[in-house]
Amino acid sequence: MANHFAAASPTVLAAKGQPIFLPGFDRVTQLGMEFNTLTFASAWLRKTYTSDHARSIQVCLAAEDHYRRERLLQEVRYGNNITLLFKACYEFREFRMSDDLWKAVGRVYGVTPEVVRSVVDLYVKAREIFLRNYQPDRGTPSLRTTATHWADKWIMFIDGRDGRRPPAIYDDVFAGVNVFFRQEEQATNGDLARILSTARHVGAPMGPHALRKRSLSPCPLESSPVAKKRIASTSTDGTGTQATSVSFGSKNEYQSDQKHADEPYFQLKIRGIHNSPPCKDSDYSLADDYEALVRSNIELQARVESLEKERLESTKAQNDRDHAIRTLQAKFMAFEKVSAAAHTQKSVNNEVVREMQDVTRKLGAQTEKLQKIEKELKNRDQAAHTMQTTISSLQEDLARREKDLEAQKKDFSEMLTRVMSLEAKNVFLNNLHKTVRDLRAELACEVQKDRASALSLDSANEQKKQDAKLKATEEALEKQGQTIERAMDRVLALEDQALKSDARIEPLRKQPDLTKDIPRLWVKMSAMNQTQVDNIKKLDANIQTLRAGLEQTRAEIGLLSKRLVTGLGDLPTIQKTVSETQTKITNIEQHRTEISKRLDDVEVSQKLVALQDHSARIDELSQSIETLNNLSVSLANADDVRLAALRAELDAFYQKQAEASQQQAKQAADTDDTIRKVIEQLEQRLDRIDRELESYMVESRGKFDQLVEGDAAFGRHVERAAKESSNVAAVVDSLCQRVGIMENGFVVMRDVMRARRR
C-alpha cells in the first residue's frame, strides 16, 4: 500500500523547498515554479482544502516516518490546490476575459492576480508538452489524474474545442468563487492528484526522449587500494575494454599493493594495465601512451580535487539551507498546530460569531434609532417650515392692516381738517349771532325813532318816504334772510359730513387693536425658539447615547480582535462581519454628518428669522415715525391754509355785513330763535367730536408708546436669542469635537483590521 501511494502521489524529494512534480505534466516546465519562497509555501501548501485525516491518506502514510509523512502530506496538499485552481477556472470560465476572476481566486490563495494567471499558464504549457511528447498508442489510455482532467477541460475551453456554453449561475464572480471554495473547504478531499488510469506512462521520464550526457562519478578517496584494484579488475576502463582479474594469492602482488598504497586510483589503474600480461607480451611499446595517461591522470586528479572542494562548499551550503528549511518547517509546524487547535475550538469560534452577531444587531438597532431621529428631524423641519409660512402670512396681514391704518390716519387727518373748519365756522356763527343781537338792538332803536318821527310827521311826503324806507328795509331783510338760509344749508351740509365721519369712525373704534397681536406673535416666536433649543438638546442626548454605544462596540471589537489572535477558525466569516461592521460605522458617520448639517441649518434659520423680524419691526417703527412727522407737517400746513381761508371769508363777510347791516335788523329778530337752536346743536356736536378726537389721540399715543416698548422688548428678545444661539454654537462645537474623536478611533480600528488582514 505504501509503494502504491508513492507511485500515485507526486515525486518525493529530500527536503522542503525543493521541486514538487505533478504526474501528467512536463517536469522541466514545472521547474519554473519558485519552490523555495515563503509565498509558494503559504499559497500552494496550505491544508485548507485537504483532509489529512482521510482514510486513504492515513493508510498509505502508516508505514512512513514523521519527516516523510510531512513531505508526502505537503505534496498531496500542493496537488489538491493546483487541481482546485483549474476546477475553479473551468467552473467560472464565463469570466475568463475579465480581471475579476483572477482577483477573486487570488484573494482565496492570498496572492496577486498576476501570480494566479502565471501559474495557470505554466501548467497549461506543461500539460501540452507532456501530451505532445508522450502520446499513447491507439487504444491505450493516457496518464490521467483529477488535476489533468480539469486542466484538459480548461485547455479545450480556451482552444475553442468545448462546444458547451458556460452556465450563467453567478452574477458576481467574487461571491461565486467564495461559495465554491467554501464548499471545497467543507468537503473531505483526499489525494486529488493521484493517478486514476493504469497507463504505461506512470513512470514517465523527466524530459523528452533524447540522448543525455552522463558524467562519471569518482570513487571516494577513502577507499582502500585493494578495493580500488578489485573495482578496476571487475569494471571497464576509459576505452570501454574489460580488465582482467587480478590474483590476490601471490606475495609479490600483495607487496606491490603495500608499496603503492599511497598512489591514487587512476595511477594504480594505469600501472595495473601496464603490468598486465598482454602489455608485456606485446610487440610494440606503450611508453607514449603511458605518459599520456599519466598526464591525463594528473589533470583528472586536479579536476577531482576542484570537484571535491566544490562538493564540500555545496555540502556546506546545503547544510545551511537544510537548517533554514528545518527552522521554517518548525515554524510551519507550529502554525499548523495553531490552525489545528483553531479547528478544534469551534465552540470558541461560535461564541465569537455570536458576539459579532450581537454587535451587528446592536448596530442595526442604533441605525434604526438614527433613522427615527432623521424622520423626527424631517417632521420638525416641516413644522418649522409651516411655522415660517404662518409667520410670513401674519406679517403680510400685519402689513395689510398697517396700510389700512395709514389710510385711516389719512381720513382722520382730513376729518380733523374739517372739524377745524367747523370750529372756525362756529366762531363765525357766534360772531354773527352777536352781530344779529347788535342789529336787533339798533333796529329797535330805529323803530322807536321811526314811531316818534311818525307821530310828529303829518305830511304825506314823509309817509311816502317812510314807506319807501320800509320797503327797502324789507328787501334788505329778505336778502339777509336768503343769506342766512344759504348759511343754514351750508351748516346742515357740514352736519351731514360730521355724521358721515362719525359713521366711519365707529367701525374703526370697533376694530381690534393690531398692536395686541404683536405680543402674541412674539410669544409664538419665543415658544418656537424654545422648541428648537429643546430639540437640539434631545439630539445632543441621542448623540451621547450613540457615542456610548460606539465606545461599547469599539471595546467589543477590541476583545474580538484579541480572541482572533489565538483562534483562526472562522476567519473569513469574522472578516466579513468586521467589514459589515465597518460599513455600518461608515453609515453612522454619514448620519452624524447629516445631523450636524441639519443642526447648522436650524441655527442659521433661527438667526435669519430673528434678524428678519428685527429688521421688519425697525422698518415699521421708522415708517410710523415718518408718518407722524408727515402728519404733523400736513396739519401745520392745513392750519395755515385754513387760517388764510377764514381770514378771507371773514373780510368778505364783514364787507357784506357792512352793506346789509341796516337791512338785517327785522329778519334777525324773526330768525334769532332758530339760529340760536341750530348753533346750540352745532356746539353740542362739536363738543362731542372734540371729546372723540381727544380720546382717539390718547389711544394713538398709548399705541405708539406700546410700539416703543415692544421695540425695547424685541431688542431684549434678540439679545436672549443671540445668547441662546451662542449656547447652541458651543454645543455644536462640542459635538464636532466628539465626532472628531470618534473618527480618529474609527481610523485606528480600520488600520488594525487592515494590518491583521495582511
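Counting in numbering that gives the first Met the number 0, the sequence shown runs from 0 upward without gaps. Glycine is no exception: its CB is placed at the ideal position from the N, C-alpha and C atoms.
Margin query: Do arginine 76 and leucine 44 have their beta-carbon atoms positioned less than 8 Å apart in this structure?
Written below: If you number the sequence shown from 1, residue 44 lands on position 45. If you number the sequence shown from 1, residue 76 lands on position 77. For leucine 44 and arginine 76, yes; Cβs fall inside 8 Å.
Checklist line | methionine 96 - containing alpha helix (DSSP H), residue span | finding: The count along the sequence shown starts at 1 and reaches residue 96 at position 97. Segment: none, methionine 96 is in no alpha helix (DSSP H) and carries neither H nor E.
Item checked: Beta-carbon proximity of valine 172 to alanine 150, cut-off 8 Å -> The residue labelled residue 172 in the question sits at position 173 within the sequence shown. The residue labelled residue 150 in the question sits at position 151 within the sequence shown. Their beta carbons are not under 8 Å apart, which means valine 172 does not touch alanine 150 by this criterion.
Note to self: Once the 5 residues before and after glutamine 447 are set aside, which same chain residues still bring their CB inside 6 Å of it?
What the structure shows: Locating residue 447 in the sequence shown gives position 448, counting from the first residue. Counting only Cβ-Cβ distances below 6 Å, and skipping sequence neighbours, we find nothing.
Checklist line | Anticipated Cβ contact below 8 Å, arginine 379 with asparagine 534, distance rounded | finding: Counted from its first residue, the sequence shown places residue 379 at position 380. Counted from its first residue, the sequence shown places residue 534 at position 535. About 6 Å; that satisfies the 8 Å criterion.
Checklist line | leucine 421 versus Gly23, Asn132, Gly739 and Arg687, residue with shortest Cα-Cα distance | finding: Translated into positions along the sequence shown, residue 421 becomes position 422. Among Gly23, Asn132, Gly739 and Arg687, the Cα nearest to that of leucine 421 is on Arg687.
Next item on the list: Identify every residue that forms a DSSP beta bridge with threonine 389.
Entry: Counting from one through the sequence shown, the residue named residue 389 turns up at place 390. Residue pairing of threonine 389 in beta bridges, as defined by DSSP: absent, with no partner found.
Item checked: Contact the segment 17-28 vs the segment 70-87: 3+ CB pairs below 8 Å -> By the Cβ rule, the segment 17-28 counts as touching the segment 70-87, because three or more pairs are nearer than 8 Å.
Notebook entry, point to check: How many angstroms separate the CA atom of glutamate 550 from the CA atom of histidine 322?
Noted result: Sequence index remark: in the sequence shown, residue 550 carries index 551 (1-based). Sequence index remark: in the sequence shown, residue 322 carries index 323 (1-based). If I take the Cα positions, the gap works out to 48 Å.
Check: On the premise that phenylalanine 179 lies in contact with alanine 87, defined as a C-beta separation below 8 Å, what is that separation, rounded to the nearest angstrom?
Finding: For the purposes of this step, residue 87 is taken as residue 88 along the sequence shown, with counting starting at 1. For the purposes of this step, residue 179 is taken as residue 180 along the sequence shown, with counting starting at 1. Sure, about 6 Å apart at Cβ, within 8 Å.
Note to self: In this structure, how does DSSP classify threonine 314 when only helix, strand and coil are distinguished?
What the structure shows: By 1-based counting over the sequence shown, the position of residue 314 is 315. Reduced to three states, the DSSP call for threonine 314 is helix.
Notebook entry, point to check: Looking only at its own chain, which residues have a Cβ that is under 7 Å from the Cβ of threonine 111, when we skip the five neighbours before and after it?
Noted result: Here residue 111 corresponds to residue number 112 of the sequence shown, with the count starting at 1. These residues qualify, in order along the chain: Gly105.
Check: Going along the chain, which residues of its own chain have a beta-carbon closer than 7 Å to the beta-carbon of threonine 47, five neighbours each way excluded?
Finding: Within the sequence shown, numbered from 1, the residue matching residue 47 stands at position 48. Contacts found: Glu184.
Check: In terms of alpha-carbon separation, which member of Ile594, Ala333, Thr626 and Phe129 lies closest to leucine 404?
Finding: As a position in the sequence shown, residue 404 is number 405, starting the count at 1. Of Ile594, Ala333, Thr626 and Phe129, the residue nearest in Cα terms is Thr626.
Next item on the list: Assign phenylalanine 34 to one of three DSSP states: helix, strand, or coil.
Entry: In the sequence shown, counting from the first residue as 1, residue 34 sits at position 35. It is coil, neither helix nor strand.
Note to self: Given a cut-off of 8 Å on the beta-carbon distance, is the pair threonine 389 and lysine 583 in contact?
What the structure shows: By 1-based counting over the sequence shown, the position of residue 389 is 390. By 1-based counting over the sequence shown, the position of residue 583 is 584. With a cutoff of 8 Å on beta-carbon distance, threonine 389 and lysine 583 are scored as not near each other.
Next item on the list: Report the residue from Leu558, Glu350, Met527 and Val747 whose alpha carbon sits nearest the alpha carbon of alanine 383.
Entry: On the sequence shown, position 384 is the one that residue 383 refers to. Ranking Leu558, Glu350, Met527 and Val747 by Cα distance to alanine 383 puts Met527 first.
Note to self: Between which two residues does the alpha helix (DSSP H) holding leucine 121 run?
What the structure shows: Start at 1 with the first residue of the sequence shown, and residue 121 comes out as number 122. Per DSSP, leucine 121 belongs to the alpha helix (DSSP H) from 112-132.
Next item on the list: Just mark glutamate 753 as buried or exposed, buried being the case when its beta carbon has 16 or more other beta carbons within 10 Å.
Entry: Counted from its first residue, the sequence shown places residue 753 at position 754. Per the sequence shown, the amino acid found at residue 753 is arginine instead of glutamate. Arginine 753 is exposed by the Cβ-count criterion.
Notebook entry, point to check: Does DSSP classify valine 751 as helix, strand or coil?
Noted result: Looking up residue 751 in the sequence shown gives position 752. Of the three classes helix, strand and coil, the one that applies to valine 751 here is helix, per DSSP.
Next item on the list: Quick one: grab the DSSP three-state call for aspartate 51.
Entry: Locating residue 51 in the sequence shown gives position 52, counting from the first residue. Reduced to three states, the DSSP call for aspartate 51 is coil.
Next item on the list: Please classify glycine 175: is it buried, with 16 or more other beta-carbons within 10 angstroms of its beta-carbon, or exposed?
Entry: Position 176 of the sequence shown, counting from 1, holds the residue named residue 175. By the 10 Å Cβ count, glycine 175 comes out buried.
Item checked: Where phenylalanine 427 sits in the DSSP three-state scheme -> Indexing the sequence shown from 1 puts residue 427 at position 428. Helix.
Notebook entry, point to check: Pick from Asn425, Asp288 and Lys523: whose alpha carbon is nearest that of methionine 386?
Noted result: Within the sequence shown, the letter at position 387 stands for residue 386. Nearest option by C-alpha distance: Lys523.
Check: Under three-state DSSP, which class holds glycine 202?
Finding: On the sequence shown, residue 202 is found 203 positions in, with the first residue counted as 1. Interpretation of glycine 202 is limited by its pLDDT of 37, a score under 50 that renders its predicted location unreliable; no figure is taken from the coordinates.
Next item on the list: Compute the beta-carbon to beta-carbon distance between alanine 42 and tyrosine 108, rounded to the nearest angstrom, for a pair I have assumed lies under 8 Å.
Entry: As a working note, residue 42 is residue 43 in the sequence shown. As a working note, residue 108 is residue 109 in the sequence shown. The pair is a contact, with the Cβ atoms about 5 Å apart (cut-off 8 Å).
Checklist line | Neighbour-count burial assignment, threonine 592, 16 or more Cβ in a 10 Å radius | finding: Locating residue 592 in the sequence shown gives position 593, where the first residue counts as 1. With fewer than 16 other Cβ atoms within 10 Å, it is exposed.
Next item on the list: Compute the distance between the beta-carbons of glutamate 33 and threonine 359, then report whether it is under 8 Å.
Entry: What you label residue 33 is simply residue 34 of the sequence shown in a count that begins at 1. What you label residue 359 is simply residue 360 of the sequence shown in a count that begins at 1. Contact: no.
Next item on the list: Keeping to the same chain, check which residues put their C-beta closer than 7 Å to that of phenylalanine 91; ignore five residues upstream and five downstream.
Entry: Position 92 of the sequence shown, counted from the first residue, corresponds to residue 91. For phenylalanine 91, where only same-chain residues beyond five positions count, the Cβ hits under 7 Å are Leu100, Val172, Gly175 and Val176.
Notebook entry, point to check: How would you write the range of the alpha helix (DSSP H) that arginine 160 sits in, first residue to last?
Noted result: Locating residue 160 in the sequence shown gives position 161, where the first residue counts as 1. Looking at the DSSP string, arginine 160 is not in any alpha helix (DSSP H), and its letter there is neither H nor E.
Notebook entry, point to check: Are there 16 or more other CB atoms within 10 angstroms of the CB of glycine 78, so buried, or fewer, so exposed?
Noted result: The residue given as residue 78 occupies position 79 in the sequence shown. Per the 10 Å Cβ criterion, buried.
Item checked: Alpha carbon of valine 115 to alpha carbon of glycine 31, nearest angstrom -> Locating residue 115 in the sequence shown gives position 116, counting from the first residue. Locating residue 31 in the sequence shown gives position 32, counting from the first residue. Roughly 14 Å separates the two Cα atoms.
Note to self: Excluding the 5 residues flanking phenylalanine 129 on each side, which residues of the same chain have their C-beta closer than 7 Å to its C-beta?
What the structure shows: In the sequence shown, the residue the question calls residue 129 occupies position 130. Result list for phenylalanine 129: Gly23, Phe24 and Asp25, in chain order.
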